[in-house]
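K.L.:
First the structure, then my questions, so here it is.
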Amino acid sequence: MNGSATSASLTNIQNKLKSYIGSSSADPTSNVKDDSLNEKIYSKFGARIKTNYNLPANHVFPIEDFNGKCETLNSANFMNDCTFTLSSITVPGITGTSSSDVGASFDTQGYIYFPPACTKGKKCPIHVVLHGCKQGLYHATLLCL
884 MNGSATSASL TNIQNKLKSY IGSSSADPTS NVKDDSLNEK IYSKFGARIK TNYNLPANHV
944 FPIEDFNGKC ETLNSANFMN DCTFTLSSIT VPGITGTSSS DVGASFDTQG YIYFPPACTK
1004 GKKCPIHVVL HGCKQGLYHA TLLCL
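In terms of the numbering used here, the sequence shown has 1015 at position 132, counting the first letter as 1, and numbering is strictly consecutive.
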């Protein structure tokens, strides 16, 4: 869509949006006030919103069994070992079903995180999250593989 949004074009998405907004006062990069503004904006579109402004994490993508502690900033690839995975929180809130944490980033080639249960025969739905902070194949190959 080019140009400014109109009432007619917004009607197509009204009450269809599902959003998870997470933030932490321990995150020096994101501002909880800015994230709560996102909630107000999405609310105007009738979005079903799940929020958590008390995530126990720095500015990282929470996963399990990878990298440093959750509360430490990991500017190498912004993925940290937390006691939870972000998709275990976001997927149930958005889809109403349980999560089988699978993450991927887009590049000319992909970098995919498979939770241990998903590599042992458990069927896991696909959960795509766009984050963008050094999580492409170039950075993953340099730092992790």
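Positions of the beta carbon are idealized from the N, C-alpha and C atoms, including for glycine.
Keep in mind it's a predicted model, so treat the numbers as computed, not measured.
1) Does the segment 916-930 come close enough to the segment 938-951 that 3 or more CB-CB pairs lie under 8 Å?
2) Across which residues does DSSP place T934 in a beta bridge pair?
3) Give the single residue among I972, C1001, L956 and S902 whose Cα lies nearest to the Cα of T912.
4) Reducing DSSP to helix, strand and coil, say where P911 ends up.
5) Under three-state DSSP, which class holds K1006?
6) I need the boundaries of the beta strand (DSSP E) containing P945, first residue and last residue.
7) Would L920 be called buried (16 or more neighbouring beta carbons within 10 Å of its own) or exposed?
8) Could you check what DSSP says for P939 in three-state terms: helix, strand or coil?
P.N.:
With the given structure in hand:
1) no
2) I904
3) L956
4) coil
5) coil
6) F944 to I946
7) exposed
8) coil
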